[in-house]
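Down below is the structure, laid out as structure tokens.
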Amino acid sequence: MATDLAAAPILLELDDATWSKQIDRAAAWLGDALTVQEKFRKLAEDTAASLKEPHIKKYIQDIARHAAAHEELVRGLARAIGREPSGGRSLAGSVLAKGAELVADVVGLAGGARGNWKDLRQLLLASQDAMGAFAIAEQLGYALGLPKLSDPAFRAAAEKTRDHLVIQEFVLEMAPASILLHQDA
Amino acid sequence: MAVIATRTTREGLRKLPTTARPILDAADVLVPEGYAVEPVLAGLSFPCGMGFADDGSLFLLEGGSTWPTRPYMPARILRLDTASGGVSEVGVEVLGGPRGVSYRDGAIYVTVKGGYHAHVDKYDLKTNARTTIVDGLPSGGWHEPSDPMFGPDGLLYFGNGSVSQNGVSLPQGFTVDLAKHPEACDVPGQDVTLTGNNVWSRNPTTPFPFLTETGPFKPFGQRAQKGEVIRGRLKCSSGLWRCHPDGSGLELLAWGLRNPYGLAFSEAGELYATDNDYEEKGERAIAEDPDRIWHIRNAKSAHGSVRTPDWYGFPDLCGDGVPAWDETRRPRKGKPAEPLIADRPAWAGPAAFLEKPHTCECHMDFCRSDAFGHRGHVFLSQFGTYAPLNTPDPAALDRGFCVKRIDLATGENEPFVRNRQPGPASHHPGSGGIERPVDCKFHPDGRSLYVLDFGVTVVAPTHVVAYARTGALWRVTKL
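First to last, the protein sequences are chains A and B. With the first letter of the first sequence counted as 1, position 36 gets the number 36 in this note's numbering; the numbers rise by one all the way through. Numbers in this note's numbering are just positions in the second sequence, counted from 1, shifted up by 1000.
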């Protein structure tokens, strides 16, 4: 039977049920991103506190401050798509950060490293994870046609990329001091 | 997989959940008196091309992207029954995605950008079984394959754009391309001797982006030597071919076509190809290169008789035949170009039609119907500019974003489908007009022109992003 396509246009996967299901899935990812970001922020705070070299300490303190802002931004992203940020994640983030610090000690010792460089290296790994979480949130925004999700995530991912380069640089700069000389950073 | 297609109302199109494009409203779109325009379908993800079957089925290709090529959305080939409104999935293509489609004798032929190589697939519509009939076309860089078009001789014609943007594989093609396809480069369609000019650029794939040198027809980071001969290949980049429907008898008709995205045969059997200008940015930047439509003269020759393909100018000449290093082509942004080919072949121009730079010519179709009017004229989708990313020229900021009607015999032309306000609808909050027309095809009944709208692409001086689910299909009907 012929149908007037113009009078009754077609929506392709934009119906309420399909849309709502995908928004729920995006919100679940933002919950994971929040946990990952909390872990990174806690690690950054703890690492900054343990550092002695004044320049590196200042850089990591700045990164910890950025991380706190990004953490708040994730909560805002969830609200922007009409969902509440997942509850009970903060504790999980802190526990994961503590776990990562323990892992850093074990891995560092096995590799002959000494001192707080091990925390810096663990921070680098957590930074990669957190940076990726924001970049993925940005992609979800593009995939859903939602600039209110992609735009803030893009800006945060850009800042996290710069911060990540800084952390990586200090990990590489200080590695010989920790591994060969057993010195603190 | 099942496709979830539901019906809505015109009011429903004013409150779409995609806030990048919350409204589709024909009232914001202008067409000439005596015609009406209507939105038909909303929610497509990065649609790049379409084609009709004789029965009115419309095949829609999703899964394009911007650069970097993310996010991937399923590169689906959808079938829309324009009589019933039913939508189904014919197949899903590989990364890179489908770009053009034509129907013939119970099958569709689809060109696919792919990874290192572009290819042509055939889908049997009874079984949806896919067969690759042509493979190995150089890709992995910037441009893509064209429509596949059947000529009056029953042969399949198709093109494939250049791998590099402006003649040398450079980071302006974005870091991810260099990382994914480090060996990708242009391939000439006939032997060429190089001038030895190379291009310095940073190498973003290394831990520190030190400068490196790259030559034409070379992977990134490899120098060219003066007097070096690069052998032409049948499967080149910037080429245009024909073959039998099973892929046999492949013959190169032309090369030096930078971005031959749209192909169309006139009723007289003449073949035309759209093509787009060089970018005015980066380490080999070229300004004021007109967009164009080429007449592919070799399409009239007997199959198998082309000994030397025609050359249309890439990578050394602009669309009007002016050398890329001419004083009039000096860039406002980026480093000026130098000659790359020492023994340039004879130029196959002039173009059949020249357009302002950065309108971005995409797919096109000739009108073959008196019922619609303008029989014999070509209708051309103009995607719209990437300014200010690809040129700092403020005059280019709202070029394109329309379907143009062109009489190639006289050059007379007009925007046939456009917004009330210049530029894409998303430049004007509250507007529900068109974004970026990427294809336009006439329905087999000869009464309506369908316009495929890629959706929202946001361009900044530093980057470009696109939003999925914002693609749309429009219909223009003669009253």
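C-beta atoms are modelled at their ideal positions from N, C-alpha and C, and glycine is treated no differently.
**Request:** Would you tell me roughly how many angstroms separate the C-alpha atoms of A:MET1 and B:VAL1037, rounded to the nearest one?
**Result:** The sequence position of residue 1 of chain A within the first sequence is 1, counting from 1. The sequence position of residue 1037 of chain B within the second sequence is 37, counting from 1. For A:MET1, the predicted structure reports a pLDDT of 44, less than 50, and the residue's modelled location is therefore unreliable. A value from the coordinates is still provided. The alpha-carbon atoms of A:MET1 and B:VAL1037 are separated by roughly 23 angstroms.
**Item:** Proximal chain B residues relative to A:TRP19, where beta-carbon distance stays under 8 angstroms
**Value:** By 1-based counting over the first sequence, the position of residue 19 of chain A is 19. Among the residues of chain B, those whose CB is under 8 angstroms from the CB of A:TRP19 are PRO1017, following chain order.
**Item:** Through-space distance from B:SER1238 to B:TYR1157, alpha-carbon basis
**Value:** Residue 1157 of chain B sits at position 157 when you count from the first residue of the second sequence. Residue 1238 of chain B sits at position 238 when you count from the first residue of the second sequence. If you take the alpha carbons of B:TYR1157 and B:SER1238, they lie about 14 angstroms apart.
**Asked** Hey, out of B:GLU1283, B:GLY1256 and B:PRO1422, whose CA is closest to B:ASN1203's CA?
**Response** Here the question's residue 1203 of chain B lines up with position 203 in the second sequence. Comparing Cα positions, the closest option is B:GLU1283.
**Request:** Let me know if A:ASP16 comes out buried or exposed under the rule of 16 or more other beta-carbons within 10 Å of its beta-carbon.
**Result:** As a working mapping, residue 16 of chain A is identified with position 16 in the first sequence. The residue is exposed, with fewer than 16 neighbouring Cβ atoms inside 10 Å.
**Request:** Please confirm if B:GLY1043 has its CB atom under 7 angstroms from at least one CB of chain A.
**Result:** As a first step, residue 1043 of chain B is located in the second sequence; it is residue number 43 there, counting from the start. It does; some Cβ of chain A falls within 7 angstroms.
**Prompt:** Any C-beta of chain B sitting closer than 7 angstroms to the C-beta of A:ASP15?
**Reply:** Taking the first residue of the first sequence as position 1, residue 15 of chain A is located at position 15. Judged by the 7 angstroms Cβ criterion, A:ASP15 is in contact with chain B.
**Contact set between the region 143-173 of chain A and chain B, restricted to residues whose Cβ is under 8 angstroms from the partner** = ALA143, LEU144, GLY145, LEU146, PRO147, LYS148, SER150 and PHE154
**Request:** Compare the C-alpha of B:ILE1023 against each of B:LEU1473, B:VAL1003, B:ILE1230 and B:ALA1425 and name the closest.
**Result:** On the second sequence, residue 1023 of chain B is found 23 positions in, with the first residue counted as 1. Comparing Cα positions, the closest option is B:ALA1425.
**Message:** So within the region 5-51 of chain A, which uninterrupted beta strand (DSSP E) runs reach at least 3 residues, ignoring any that extend past its ends?
**Reply:** 10-12
**Asked** Under a Cβ-count criterion, where at least 16 other Cβ atoms within 10 Å of its own Cβ denotes burial, should B:VAL1229 be classed as buried or exposed?
**Response** Along the second sequence, one-based indexing puts residue 1229 of chain B at 229. Looking at its Cβ environment, which holds fewer than 16 other Cβ atoms inside 10 Å, B:VAL1229 is exposed.
**Message:** Measuring only the C-alpha atoms, how far is B:PHE1383 from A:SER178?
**Reply:** For the purposes of this step, residue 1383 of chain B is identified with residue 383 of the second sequence, where counting begins at 1. For the purposes of this step, residue 178 of chain A is identified with residue 178 of the first sequence, where counting begins at 1. If I take the Cα positions, the gap works out to 56 angstroms.
**Message:** Check for me: the beta strand (DSSP E) holding B:ILE1481 runs from which residue to which?
**Reply:** Given that chain B is displayed from residue 1001 to residue 1479, the structure contains no residue 1481 of chain B and the question cannot be resolved.
**7 angstroms Cβ shell around B:TYR1035 - same chain, five flanking residues per side excluded** = Here residue 1035 of chain B is taken as the residue at index 35 of the second sequence, counted from 1. Closer than 7 angstroms at the Cβ level, and outside the excluded window around B:TYR1035, lie VAL1476, THR1477, LYS1478 and LEU1479.
**Message:** Taking the beta carbon of B:THR967 as the centre, do at least 16 other beta carbons fall within 10 Å, making it buried, or is it exposed?
**Reply:** The question about residue 967 of chain B has no answer here: the residues shown for chain B are numbered 1001 through 1479.
**Item:** Residue nearest to B:SER1305 in terms of C-alpha spacing, selected from B:PRO1315, B:ALA1348 and B:ALA1254
**Value:** As a first step, residue 1305 of chain B must be located in the second sequence, where it is residue number 305. Closest by alpha carbon: B:ALA1254.
**Expected contact under 8 angstroms - CB spacing of B:VAL1092 and B:LEU1078 to nearest Å** = Here residue 1092 of chain B is taken as the residue at index 92 of the second sequence, counted from 1. Here residue 1078 of chain B is taken as the residue at index 78 of the second sequence, counted from 1. Not quite, the Cβ-Cβ distance comes to about 10 angstroms (not below 8 angstroms), so this is no contact.
**Prompt:** Just how far apart, CA to CA, sit B:GLY1376 and A:ALA28?
**Reply:** The residue given as residue 1376 of chain B occupies position 376 in the second sequence. The residue given as residue 28 of chain A occupies position 28 in the first sequence. The straight-line gap from Cα to Cα measures roughly 54 angstroms.
**Request:** Buried or exposed for B:GLU1011, please, with buried defined as at least 16 other CB atoms from any protein chain shown within 10 angstroms of its CB.
**Result:** Translated into the one-based positions of the second sequence, residue 1011 of chain B becomes position 11. An exposed status is given to B:GLU1011, since fewer than 16 other beta-carbon atoms sit within 10 Å of its beta-carbon.
**Prompt:** Are B:GLY1262 and B:MET1149 close, meaning C-beta to C-beta below 7 angstroms?
**Reply:** If you number the second sequence from 1, residue 1262 of chain B lands on position 262. If you number the second sequence from 1, residue 1149 of chain B lands on position 149. It is not a contact, given that the beta carbons lie outside the stated cut-off.
**Request:** Look up B:GLY1221 in the DSSP assignment and say whether it is helix, strand or coil.
**Result:** Within the second sequence, the letter at position 221 stands for residue 1221 of chain B. In the three-state scheme derived from DSSP, where H, G and I count as helix and E and B as strand, B:GLY1221 is classed as coil.
**Of the listed residues B:VAL1090, B:TRP1142, B:LEU1240 and B:GLU1183, nearest to B:CYS1062 (C-alpha basis)** = Stepping through the second sequence from its first residue, residue 1062 of chain B is reached at position 62. Residue identity differs from the one stated: residue 1062 of chain B is Glu in this sequence, not Cys. Of the candidates B:VAL1090, B:TRP1142, B:LEU1240 and B:GLU1183, the one whose C-alpha sits nearest the C-alpha of B:GLU1062 is B:VAL1090.
**Message:** Under DSSP, the alpha helix (DSSP H) around B:VAL1163 begins and ends at which residues?
**Reply:** The sequence position of residue 1163 of chain B within the second sequence is 163, counting from 1. Taken as a continuous stretch (DSSP letters only), B:VAL1163 belongs to no alpha helix (DSSP H), as it is neither H nor E.
**Item:** B:ALA1348 beta carbon less than 7 angstroms from that of B:TRP1311
**Value:** For the purposes of this step, residue 1311 of chain B is taken as residue 311 along the second sequence, with counting starting at 1. For the purposes of this step, residue 1348 of chain B is taken as residue 348 along the second sequence, with counting starting at 1. Yes, these two residues count as a Cβ contact at 7 angstroms.
**Prompt:** Cβ-heavy atom distance between B:MET1073 and the ligand MG below 6 angstroms?
**Reply:** Annotation note on the ligand MG: not contained in the displayed structure, which lists no ligands.
**Asked** Between B:ALA1002 and chain A, is there a C-beta pair that is closer than 7 angstroms?
**Response** Here residue 1002 of chain B refers to the residue found at position 2 when the second sequence is read from its first residue. Cβ-Cβ to chain A under 7 angstroms: no for B:ALA1002.
**Reduced DSSP secondary structure (H/G/I, E/B, other) of B:ASN1298** = Stepping through the second sequence from its first residue, residue 1298 of chain B is reached at position 298. Reduced to three states, the DSSP call for B:ASN1298 is helix.
**Prompt:** Which partner residues does B:TRP1067 have in the DSSP bridge list?
**Reply:** Counting from one through the second sequence, the residue named residue 1067 of chain B turns up at place 67. B:TRP1067 is not bridged to any residue.
**Message:** Using only the alpha-carbon positions, how far apart do A:PRO54 and A:LEU34 sit?
**Reply:** Within the first sequence, the letter at position 54 stands for residue 54 of chain A. Within the first sequence, the letter at position 34 stands for residue 34 of chain A. Annotation: A:PRO54 to A:LEU34 spans about 30 angstroms, alpha carbon to alpha carbon.
**Asked** Starting from B:ASP1439 and walking both ways along the beta strand (DSSP E), at which residues does that stretch end?
**Response** Within the second sequence, numbered from 1, the residue matching residue 1439 of chain B stands at position 439. From DSSP, the beta strand (DSSP E) with B:ASP1439 extends over 1437-1442.
**Message:** Using 7 angstroms as the threshold, is the C-beta distance between B:VAL1094 and B:VAL1101 below it?
**Reply:** Translated into the one-based positions of the second sequence, residue 1094 of chain B becomes position 94. Translated into the one-based positions of the second sequence, residue 1101 of chain B becomes position 101. No, the pair does not count as a contact, with Cβ atoms beyond the cut-off.
**Prompt:** Between B:PHE1059, B:CYS1048 and B:ARG1076, which lies nearest to B:SER1065 when the distance is taken from Cα to Cα?
**Reply:** Sequence index remark: in the second sequence, residue 1065 of chain B carries index 65 (1-based). For the set B:PHE1059, B:CYS1048 and B:ARG1076, the Cα lying nearest the Cα of B:SER1065 is the one of B:CYS1048.
**Request:** Give a yes or no on whether the C-beta atoms belonging to B:GLY1189 and B:PRO1339 are separated by under 7 angstroms.
**Result:** Counting from one through the second sequence, the residue named residue 1189 of chain B turns up at place 189. Counting from one through the second sequence, the residue named residue 1339 of chain B turns up at place 339. Not closer than 7 angstroms, so no.
**Request:** From the DSSP output, in three-state form, read off A:MET1 for me.
**Result:** Here residue 1 of chain A refers to the residue found at position 1 when the first sequence is read from its first residue. Residue confidence for A:MET1 is low, a pLDDT of 44 falling below 50, so the modelled location carries little weight; the figure read from the coordinates is stated next. In the structure shown, A:MET1 sits in coil (DSSP, three-state: anything other than H, G, I, E or B).
**Prompt:** Is A:ALA137 close to chain B, meaning its C-beta is less than 7 angstroms from at least one C-beta of that chain?
**Reply:** Within the first sequence, the letter at position 137 stands for residue 137 of chain A. No, A:ALA137 lies away from the interface with chain B (no Cβ there is under 7 angstroms from its Cβ).
**Message:** Only counting the same chain, and skipping five residues up and downstream in sequence, which positions put a Cβ closer than 7 angstroms to that of B:GLY1159?
**Reply:** As a working mapping, residue 1159 of chain B is identified with position 159 in the second sequence. Taken in chain order, the residues that qualify are PRO1145, SER1146, GLY1239, LEU1240, LEU1257, PRO1260, LEU1263 and ALA1273.
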